[in-house]
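Colleague: Residue numbers (the working numbering): 731 to 1224.
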Ligand SMILES: Cc1cc2nc3c(=O)[nH]c(=O)nc-3n(C[C@H](O)[C@H](O)[C@H](O)COP(=O)(O)OP(=O)(O)OC[C@H]3O[C@@H](n4cnc5c(N)ncnc54)[C@H](O)[C@@H]3O)c2cc1C
């Protein structure tokens, strides 16, 4: 039974009436819905896919429950850990194994700096940095410590800043592989403040030196890993959120895509694949360009979010005792110049997450490879028969070959226990300058809509209102998405 009240539509068909409909049951939508339902609003979350969670949903591979997308969270600020604790998941928070990760270069593999920020080393002369960028590269990077403040001061992108202060080797061998792995984007396309919000202030206090700025930031960060996980996988968060929304009286409905919205003085009418919904307020927690003109009429019609990087993940479960020693630590990022593999990155999941190693029999390993662009595929589709993007080649064969190269260990089909291929589109908006301008105009349009609604009456249940949440406005990653979603819910609660 829906918690929404049945209502009469003009054609006589019954309609459901809700206080708030949240569009998108990713983490953003679920986090917001929990707060809205907790506050007593009749809250419905709808999602077009057949399972909630968006980029944090889970899947079964070789009898293991694994993350199909996000597998960790950034520990910065403690926001995600605090939220998990509030949800009752505090005891399940775990750290990765600390084995460190590697970069795959044409010149051979090297460790990534353990004390860096997005690959920017805090100590250009440290042994791990020298091993990966060579003596010449380290010498050029160390110049950063003596270069005048003005060098790089006018750089607007991360790529330009790193190139100016530390040189091309740091950029190509350390920063680009990490930025590609985290944001699926080029450092030259990313504003510094968008990917490292605290770096500009730290640079101001370090006489322009990147290494000193990174050192300061690392020293002020709490001890421990920069990322955390959940025992059982990040998808445990989704199950907990769905349960919390339901316990608070809300409802989460899948296979219900919203295709159109219309407003009148009394609220919103949403057209979904499963019928029509009436609601006083809408919280848009999905990047849906088609709905923006109706939901945010003051937004310039040409405004569009970044279409998002397209990523294919191939998960392999293999019986390979040779991997017991974790030959490449927790995983490998691939430098752009390395052309012997097609993967962009490899995560050795059983080496990274002790809880997962504990669930697998001796000698069995979970390895996940990520690939770049794909075209015309719905986000999050599971389909092991899809070719690896741009290659037309069997993804399994490609992934086995790439994993063998990246791990330095031959892996064959005979060793394969199971595999899965998942494609993500729209799920990783690139924080380019154009996207940031789009987000600013969305925020302005939301504020304009709120001002109009406030001119009528002050609560969500009295005038139609709209709020927005999710990575498409807050930026990628749970550390950005969770607090932003709570703020969006708060804006509707007034
Ligand atoms: C492969 C991958 C790996 C990642 N790894 C990490 C990581 O390790 N750590 C980290 O912090 N972050 C990671 N991220 C980023 C992080 O997962 C996302 O930033 C975050 O989960 C986004 O949540 P969201 O709710 O904003 O959007 P999404 O998770 O994209 O959810 C949006 C939901 O809206 C639904 N939807 C869209 N349109 C409609 C419509 N018209 N009607 C109804 N429903 C609709 C979609 O089906 C989807 O379920 C990763 C992302 C990806 C793709």
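The C-beta atom is built at its ideal place from N, Cα and C for all residues, glycine as well.
Alpha carbon to alpha carbon, what distance is there between residue 749 and residue 1011?
Modeller: As a position in the chain shown, residue 1011 is number 281, starting the count at 1. As a position in the chain shown, residue 749 is number 19, starting the count at 1. Cα to Cα, the separation comes out at about 6 Å.
Colleague: CB residue 1093 to CB residue 1051, shorter than 7 Å?
Modeller: Sequence index remark: in the chain shown, residue 1093 carries index 363 (1-based). Sequence index remark: in the chain shown, residue 1051 carries index 321 (1-based). The answer is yes: Cβ separation under 7 Å.
Colleague: Apart from the five residues just before and just after residue 868, which ones in its own chain have a Cβ nearer than 7 Å to its Cβ?
Modeller: Against the chain shown, residue 868 aligns to sequence position 138. Cβ within range, chain order: 854, 855, 859 and 860.
Colleague: Please classify residue 967 as buried or exposed, where buried requires at least 16 neighbouring CB atoms within 10 angstroms.
Modeller: Numbered from its first residue, the chain shown carries residue 967 at position 237. Residue 967 is buried by the Cβ-count criterion.
Colleague: Which residues does DSSP pair with residue 841 in a beta bridge?
Modeller: Sequence index remark: in the chain shown, residue 841 carries index 111 (1-based). Note: residue 841 is bridge-paired with 832 in the DSSP secondary-structure output.
Colleague: From the DSSP output, which residues share a beta bridge with residue 748?
Modeller: The residue given as residue 748 occupies position 18 in the chain shown. Its beta-bridge partners are 1009.
Colleague: List the residues that DSSP assigns as beta-bridge partners of residue 992.
Modeller: On the chain shown, residue 992 is found 262 positions in, with the first residue counted as 1. The beta-bridge partner set that DSSP reports for residue 992 consists of 999.
Colleague: Between the alpha carbons of residue 781 and residue 1060, how many angstroms are there, rounded?
Modeller: The residue labelled residue 781 in the question sits at position 51 within the chain shown. The residue labelled residue 1060 in the question sits at position 330 within the chain shown. Taking the straight line from one Cα to the other gives about 29 Å.
Colleague: Compare the C-alpha of residue 1225 against each of 845, 891, 887 and 864 and name the closest.
Modeller: Nothing in the structure corresponds to residue 1225, since the chain is present only between 731 and 1224.
Colleague: Could you give the C-beta distance for residue 986 and residue 777, rounded to a whole number, given that I count them as a contact under 8 Å?
Modeller: Sequence index remark: in the chain shown, residue 986 carries index 256 (1-based). Sequence index remark: in the chain shown, residue 777 carries index 47 (1-based). Rounded, the Cβ-Cβ distance is 7 Å, consistent with contact.
Colleague: Which term fits residue 732, buried or exposed, when burial requires 16 or more other beta carbons within 10 angstroms of its beta carbon?
Modeller: The residue labelled residue 732 in the question sits at position 2 within the chain shown. Any answer about residue 732 is weak, because its pLDDT of 44 lies below 50 and its placement is not dependable; what the coordinates show is given next. Exposed, by the Cβ-count rule.
Colleague: Between residue 1068 and residue 835, is the Cβ-Cβ spacing less than 7 Å?
Modeller: The residue labelled residue 1068 in the question sits at position 338 within the chain shown. The residue labelled residue 835 in the question sits at position 105 within the chain shown. Cβ distance < 7 Å, so residue 1068 and residue 835 count as in contact.
Colleague: Rounded to whole angstroms, what's the CA-CA distance from residue 1179 to residue 990? Just pull it up for me.
Modeller: Taking the first residue of the chain shown as position 1, residue 1179 is located at position 449. Taking the first residue of the chain shown as position 1, residue 990 is located at position 260. Straight across, the Cα-Cα distance linking residue 1179 with residue 990 is about 18 Å.
Colleague: Tell me which residues share the same chain as residue 1095 and place their Cβ nearer than 6 Å to its Cβ, disregarding the 5 neighbours each side in the sequence.
Modeller: Start at 1 with the first residue of the chain shown, and residue 1095 comes out as number 365. Excluding residues within five positions, the ones whose Cβ falls inside 6 Å are 1048, 1050, 1053 and 1080.
Colleague: Quick one, are the C-beta atoms of residue 1155 and residue 1040 less than 7 Å apart?
Modeller: The residue labelled residue 1155 in the question sits at position 425 within the chain shown. The residue labelled residue 1040 in the question sits at position 310 within the chain shown. In this structure, residue 1040 lies closer than 7 Å to residue 1155 by Cβ.
Colleague: Measuring only from the beta carbon, is residue 1090 closer than 6 Å to any heavy atom that is part of ligand 1?
Modeller: The residue you call residue 1090 lines up with position 360 of the chain shown. For ligand 1, not one heavy atom lies less than 6 Å from the Cβ of residue 1090.
Colleague: Write down the C-beta distance between residue 1165 and residue 1036 rounded to the nearest angstrom, noting that I regard them as a contact closer than 8 Å.
Modeller: As a position in the chain shown, residue 1165 is number 435, starting the count at 1. As a position in the chain shown, residue 1036 is number 306, starting the count at 1. About 4 Å; that satisfies the 8 Å criterion.
Colleague: What is the DSSP secondary structure of residue 765, counted as helix, strand or coil?
Modeller: As a working mapping, residue 765 is identified with position 35 in the chain shown. DSSP places residue 765 in helix when its eight states are reduced to three.
Colleague: Between residue 1098 and residue 1043, which are expected to be in contact by the criterion C-beta below 8 Å, what is the C-beta distance as a whole number of angstroms?
Modeller: On the chain shown, position 368 is the one that residue 1098 refers to. On the chain shown, position 313 is the one that residue 1043 refers to. Their Cβ separation, rounded to whole angstroms, is 6 Å, which keeps residue 1098 and residue 1043 in contact under 8 Å.
Colleague: Less than 8 Å between C-beta atoms, sequence neighbours within five positions excluded: which residues of the same chain meet that for residue 1002?
Modeller: For the purposes of this step, residue 1002 is identified with residue 272 of the chain shown, where counting begins at 1. Excluding residues within five positions, the ones whose Cβ falls inside 8 Å are 776, 986, 987, 988 and 989.
Colleague: Based on DSSP bridge pairs, tell me the residues matched to residue 789.
Modeller: Numbered from 1 along the chain shown, position 59 holds the residue referred to as residue 789. According to DSSP, residue 789 bridges with 796.
Colleague: With three or more C-beta pairs closer than 8 Å as the rule, is the stretch 749-769 touching the stretch 967-977?
Modeller: When C-beta atoms of the stretch 967-977 are compared with those of the stretch 749-769, three or more pairs fall below 8 Å, so the two segments count as touching.
Colleague: For residue 959, count neighbouring Cβ atoms within 10 angstroms of its own Cβ and tell me buried if that reaches 16, exposed if not.
Modeller: Position 229 of the chain shown holds residue 959. With 16 or more Cβ atoms within 10 Å of its Cβ, residue 959 is classed as buried.
Colleague: Quick one: Cα of residue 1031 to Cα of residue 1017, how far?
Modeller: Counting from one through the chain shown, the residue named residue 1031 turns up at place 301. Counting from one through the chain shown, the residue named residue 1017 turns up at place 287. Looking at the two C-alpha atoms, the distance is approximately 15 Å.
Colleague: Have a look at residue 1222 and residue 1195 and give me their C-alpha separation to the nearest angstrom.
Modeller: Position 492 of the chain shown holds residue 1222. Position 465 of the chain shown holds residue 1195. If you take the alpha carbons of residue 1222 and residue 1195, they lie about 7 Å apart.
Colleague: Considering only residues of the stretch 916-989, which uninterrupted alpha helix (DSSP H) runs meet the minimum length of 4 residues and lie entirely inside it, listed in chain order?
Modeller: Correct list: 922-925, 929-934, 940-950 and 965-977.
Colleague: Would you report the Cα separation of residue 1136 and residue 768, rounded to the nearest angstrom?
Modeller: Here residue 1136 refers to the residue found at position 406 when the chain shown is read from its first residue. Here residue 768 refers to the residue found at position 38 when the chain shown is read from its first residue. Whole-angstrom Cα-Cα distance: 47 Å.
Colleague: Just the Cα atoms here: how many angstroms apart are residue 1082 and residue 1033?
Modeller: Within the chain shown, the letter at position 352 stands for residue 1082. Within the chain shown, the letter at position 303 stands for residue 1033. Their backbone Cα atoms lie some 40 Å apart in a straight line.
Colleague: State the CB to CB distance for the pair residue 975 and residue 760, rounded to an integer number of angstroms; the pair is presumed to be in contact (CB under 8 Å).
Modeller: Numbered from 1 along the chain shown, position 245 holds the residue referred to as residue 975. Numbered from 1 along the chain shown, position 30 holds the residue referred to as residue 760. Correct: roughly 6 Å between the Cβ atoms.
Colleague: Given 6 Å as the limit, tell me if residue 863 has its C-beta closer than that to any heavy atom belonging to ligand 1.
Modeller: As a first step, residue 863 is located in the chain shown; it is residue number 133 there, counting from the start. No.
Colleague: Exposed or buried, what is residue 995 when buried is set at 16 or more other beta-carbons lying within 10 Å of its beta-carbon?
Modeller: The residue labelled residue 995 in the question sits at position 265 within the chain shown. Counting the other CB atoms within 10 Å of its CB gives residue 995 a total below 16, which places it among the exposed residues.
Colleague: Check each candidate in 889, 950 and 895 and name the one with the smallest Cα separation from residue 882.
Modeller: Here the question's residue 882 lines up with position 152 in the chain shown. Selected option, being the one with the closest Cα: 895.
Colleague: For residue 1146, which of helix, strand or coil comes out of DSSP?
Modeller: Here residue 1146 refers to the residue found at position 416 when the chain shown is read from its first residue. Correct three-state label for residue 1146: strand.
Colleague: For residue 1210, count neighbouring C-beta atoms within 10 Å of its own C-beta (all shown protein chains included) and say buried if the count is 16 or more, exposed if not.
Modeller: As a first step, residue 1210 must be located in the chain shown, where it is residue number 480. With 16 or more other Cβ atoms within 10 Å, it is buried.
Colleague: Distance, Cα to Cα, residue 1158 vs residue 918?
Modeller: Looking up residue 1158 in the chain shown gives position 428. Looking up residue 918 in the chain shown gives position 188. Computed Cα separation, rounded: 17 Å.
Colleague: So residue 1062 packs on residue 839, CB below 8 Å; how close in whole Å?
Modeller: In the chain shown, residue 1062 corresponds to position 332, counting from 1. In the chain shown, residue 839 corresponds to position 109, counting from 1. With a Cβ gap of about 7 Å, residue 1062 and residue 839 count as contacting.
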